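Accompanying notes for the structure given below.
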Ligand SMILES: *[C@@H]1O[C@H](CO)[C@@H](O)[C@H](O)[C@H]1NC(C)=O
Ligand SMILES: *[C@@H]1O[C@H](CO)[C@@H](O)[C@H](O)[C@H]1NC(C)=O
Ligand SMILES: *[C@@H]1O[C@H](CO)[C@@H](O)[C@H](O)[C@H]1NC(C)=O
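In my numbering, the protein residues as written are 3 to 409.
In structure tokens form, the structure reads like this:
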């Protein structure tokens, strides 16, 4: 069924969060100081890529219509050349550890992960009317998130070494990068996306985005907080630099992550691994289907060897098993890292078919989420970050080429 925006609004009004409308017309003024954008008259075209090499020019409304029909894509308008900017990144293959080895250091840290910290953060994060990347609320939520990251750095006494800053974007909501320097500039990236969207009328309707991707945002924030309780980490004893990324505009076609990885590719940055967490809190449909609560490990369009390592991290450090699953092309920000030539992986709350069905609407709420499940993702994130931070990749690469020489 094809409906115009105006009739859609009428259809959806009863479902709209009271928070927004009970304050009356003045909220519109606050939301859009320069007047509400009328997207139905917006004829600007965007270049999108729906599968490798399959591109199309569409309007913004057409973008949301594709998304409502479950189609994912890169919006490549600003970064048509991602993946072709540096000859060096793609050619070198990263070798990952055969198995986790730092149980002695990681196990005590895992005990400090806190469900209530995640719940507190998520409660405030979902109280923004929307985190739509083109709205002023989206800008405000990004300011708030950066303040939380900086607060964690300060509280852990890491201000001398660890830092966080905005990665600026033209649309208003900035991405965030927190850097934990190691002995080298080889970098391990842990990511989630901070923006939310209501796919019916992004500029108007509420988008609490509790699961998508508020859950991933607070999951990696909690892993970051506890990693900074390790004095070794704060002092930079690890081989590699760790970065935590909170991307803007994932919902617009992976815009924030493409901007970041495009700049990394141009600068010749050495990214050894990237792990995305997008939706980490919903288990209801898994349990309703009579299945075991699990971490969903995405196996399509990811680096297979990094993904094998992640499975071992789950077996070693989580209390629940993993299940292999697929999500298609460009389904979250790891795809931008991968396009830039960097090994990337993606884990999600469940098998993809049982993932949260409330997303992209006013109903993506905390009340449907399990903080116990998020805690499992936080354990995975912390362990993954710690293990790979201390991995001597140069040594592993040498080891693998000499063993190949032996064959
Ligand atoms: C856990 O947190 C407490 C309180 O913040 C801290 O004193 C302790 O050192 C932490 N444990 C580890 C293993 O870092
Ligand atoms: C890391 O990169 C910075 C900036 O590009 C450079 O100044 C520094 O020397 C590098 N450090 C190492 C250990 O390679
Ligand atoms: C994965 O590892 C195997 C050897 O263990 C190697 O031959 C292969 O090239 C690697 N694949 C990628 C994509 O790096």
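Glycine is no exception: its CB is placed at the ideal position from the N, C-alpha and C atoms. Predicted model, so just to flag it, every value in this text is computed and none were measured.
*Alpha carbon to alpha carbon, how far is residue 297 from residue 327?*
Numbered from its first residue, the chain shown carries residue 297 at position 295. Numbered from its first residue, the chain shown carries residue 327 at position 325. So the alpha carbons of these two residues sit roughly 10 Å apart.
*So, using beta-carbon positions, are residue 248 and residue 193 closer together than 9 Å?*
Here residue 248 refers to the residue found at position 246 when the chain shown is read from its first residue. Here residue 193 refers to the residue found at position 191 when the chain shown is read from its first residue. Judged by their CB atoms, residue 248 and residue 193 are nearer to each other than the 9 Å cut-off.
*May I have the straight-line CA-CA distance separating residue 390 from residue 47, to the nearest angstrom?*
Stepping through the chain shown from its first residue, residue 390 is reached at position 388. Stepping through the chain shown from its first residue, residue 47 is reached at position 45. Whole-angstrom Cα-Cα distance: 41 Å.
*asked:* Does residue 401 pass the burial test, meaning 16 or more other C-beta atoms within 10 Å, or should it be called exposed?
replied: On the chain shown, position 399 is the one that residue 401 refers to. Its Cβ having fewer than 16 others within 10 Å, residue 401 is exposed.
*Under a Cβ-count criterion, where at least 16 other Cβ atoms within 10 Å of its own Cβ denotes burial, should residue 278 be classed as buried or exposed?*
Looking up residue 278 in the chain shown gives position 276. With 16 or more Cβ atoms within 10 Å of its Cβ, residue 278 is classed as buried.
*Proximal residues to residue 212 (C-beta, below 7 Å), its chain only, five neighbours per side dropped*: Taking the first residue of the chain shown as 1, we reach residue 212 at position 210. These residues qualify, in order along the chain: 124, 128, 366, 367, 368, 371.
*May I ask whether a heavy atom of ligand 3 can be found less than 8 Å away from the beta carbon of residue 345?*
Here residue 345 refers to the residue found at position 343 of the chain shown. Checking every heavy atom of ligand 3 against the Cβ of residue 345, one is found closer than 8 Å.
*asked:* Is residue 305 close to ligand 3? I mean its beta-carbon at under 8 Å from any heavy atom of the ligand.
replied: Here residue 305 is taken as the residue at index 303 of the chain shown, counted from 1. Indeed, a heavy atom of ligand 3 lies less than 8 Å from the Cβ.
*Can you give the Cα-Cα distance for residue 132 and residue 330, rounded to whole angstroms?*
Translated into the one-based positions of the chain shown, residue 132 becomes position 130. Translated into the one-based positions of the chain shown, residue 330 becomes position 328. If I take the Cα positions, the gap works out to 26 Å.
*Nearest to residue 235 by alpha carbon, out of 357, 84, 155?*
In the chain shown, the residue the question calls residue 235 occupies position 233. Selected option, being the one with the closest Cα: 155.
*How many whole angstroms separate the CB atoms of residue 346 and residue 340, which I take to be in contact at a CB cut-off of 8 Å?*
For the purposes of this step, residue 346 is identified with residue 344 of the chain shown, where counting begins at 1. For the purposes of this step, residue 340 is identified with residue 338 of the chain shown, where counting begins at 1. Yes, they are in contact, since the Cβ atoms of residue 346 and residue 340 sit about 4 Å apart, within 8 Å.
_For residue 374, the three-state DSSP class (helix, strand or coil)_ = If you number the chain shown from 1, residue 374 lands on position 372. The answer is helix: DSSP assigns residue 374 an H, G or I state.
_So residue 301 and residue 309 are supposed to be a Cβ contact under 8 Å. How far apart are they, rounded?_
Within the chain shown, numbered from 1, the residue matching residue 301 stands at position 299. Within the chain shown, numbered from 1, the residue matching residue 309 stands at position 307. That pair is a contact at about 6 Å.
_Could you check whether the Cβ of residue 118 sits closer than 8 Å to any heavy atom belonging to ligand 1?_
Within the chain shown, the letter at position 116 stands for residue 118. The answer is no for residue 118.
*Would you mind giving the Cβ-Cβ distance between residue 244 and residue 387, rounded to the nearest angstrom? I have them listed as a contact below 8 Å.*
Position 242 of the chain shown, counted from the start, is the residue given in the question as residue 244. Position 385 of the chain shown, counted from the start, is the residue given in the question as residue 387. Contact holds; Cβ gap of about 6 Å.
*Compare the C-beta of residue 191 with all C-beta atoms of chain D and state if any pair is closer than 9 Å.*
Checking the listed chains, one finds no chain D in this structure; it contains a single protein chain.
*Per-residue DSSP class, three states only, for residue 316*: The residue you call residue 316 lines up with position 314 of the chain shown. Of the three classes helix, strand and coil, the one that applies to residue 316 here is helix, per DSSP.
*Would you list the residues whose beta-carbon is nearer than 6 Å to any heavy atom of ligand 2, in the order they occur in the chain?*
186, 187
*6 Å CB neighbourhood of residue 397 in its chain, flanking five on each side removed*: Counting from one through the chain shown, the residue named residue 397 turns up at place 395. Excluding its 5 nearest sequence neighbours in each direction, residue 397 has no C-beta neighbour in its own chain below 6 Å.
*Any chance the CB of residue 231 is under 8 Å from a heavy atom of ligand 1?*
Sequence index remark: in the chain shown, residue 231 carries index 229 (1-based). Yes.
*Report all residues from its chain with a CB closer than 7 Å to the CB of residue 399; omit the five preceding and five following residues, and keep chain order.*
Taking the chain shown and counting its residues from 1, one reaches residue 399 at position 397. Once the five neighbours on either side are set aside, the close Cβ partners of residue 399 are 97.
*Would you say residue 263 and residue 84 are within 9 Å of each other, going by their C-beta atoms?*
Taking the first residue of the chain shown as 1, we reach residue 263 at position 261. Taking the first residue of the chain shown as 1, we reach residue 84 at position 82. For the pair residue 263 and residue 84, the CB atoms are nearer than the 9 Å cut-off.
*Return yes when the C-beta of residue 95 is under 8 Å from any heavy atom of ligand 3, and no when it is not.*
Residue numbering aside, residue 95 sits at position 93 when the chain shown is read from its first letter. Residue 95: yes, Cβ under 8 Å from ligand 3.
*N- and C-terminal bounds of the beta strand (DSSP E) containing residue 147*: Position 145 of the chain shown, counted from the start, is the residue given in the question as residue 147. Counting along the chain, residue 147 falls outside any beta strand (DSSP E), though it belongs to the alpha helix (DSSP H) covering 138 to 157.
_Which residue marks the beginning of the alpha helix (DSSP H) containing residue 348, and which one marks its end?_
The residue labelled residue 348 in the question sits at position 346 within the chain shown. Going by DSSP, residue 348 is part of no alpha helix (DSSP H) but of the beta strand (DSSP E) stretching over 346 to 350.
*With DSSP as the reference, label residue 105 as helix, strand or coil.*
Position 103 of the chain shown holds residue 105. Three-state result, residue 105: helix.
*At what residues does the beta strand (DSSP E) containing residue 58 begin and finish?*
Along the chain shown, one-based indexing puts residue 58 at 56. Element bounds for residue 58: 56 to 61.
*Host beta strand (DSSP E) of residue 281 (start-end)*: Here residue 281 refers to the residue found at position 279 when the chain shown is read from its first residue. Run containing residue 281: none; DSSP gives neither H nor E here.
*State buried or exposed for residue 105, treating a residue as buried only when at least 16 other CB atoms are found within 10 Å of its CB.*
Counting from 1 along the chain shown, the entry for residue 105 is found at position 103. Exposed, because fewer than 16 other Cβ atoms sit within 10 Å of the Cβ of residue 105.
*asked:* Going by DSSP in three states, residue 334 sits in which element: helix, strand or coil?
replied: Residue 334 sits at position 332 when you count from the first residue of the chain shown. It is coil, neither helix nor strand.
*asked:* Does the contact criterion of 3 or more C-beta pairs under 8 Å hold for the stretch 107 to 121 versus the stretch 222 to 231?
replied: yes
*Tell me, to the nearest whole angstrom, how far the beta carbon of residue 135 is from that of residue 197; I am working on the premise that it is less than 8 Å.*
On the chain shown, position 133 is the one that residue 135 refers to. On the chain shown, position 195 is the one that residue 197 refers to. Right, the Cβ-Cβ distance comes to about 4 Å (below 8 Å), so this counts as a contact.
*Is any heavy atom in ligand 5 found nearer than 8 Å to the beta carbon of residue 340?*
Ligands in the displayed structure: ligand 1, ligand 2 and ligand 3; ligand 5 is not one of them.
*What residue from 274, 307, 320, 217 has the CA that sits closest to residue 281's CA?*
Taking the first residue of the chain shown as position 1, residue 281 is located at position 279. Of the residues 274, 307, 320, 217, the one whose Cα lies closest to the Cα of residue 281 is 217.
*Residue closest to residue 215, alpha-carbon to alpha-carbon, out of 67, 384, 361*: Reading the chain shown from its first residue, position 213 is the one you call residue 215. For the residues 67, 384, 361, the minimum Cα distance to residue 215 belongs to 361.
*So residue 244 is in the beta strand (DSSP E); what residue range does that whole segment cover?*
As a first step, residue 244 is located in the chain shown; it is residue number 242 there, counting from the start. Run containing residue 244: 243 to 249, per the beta strand (DSSP E) assignment.
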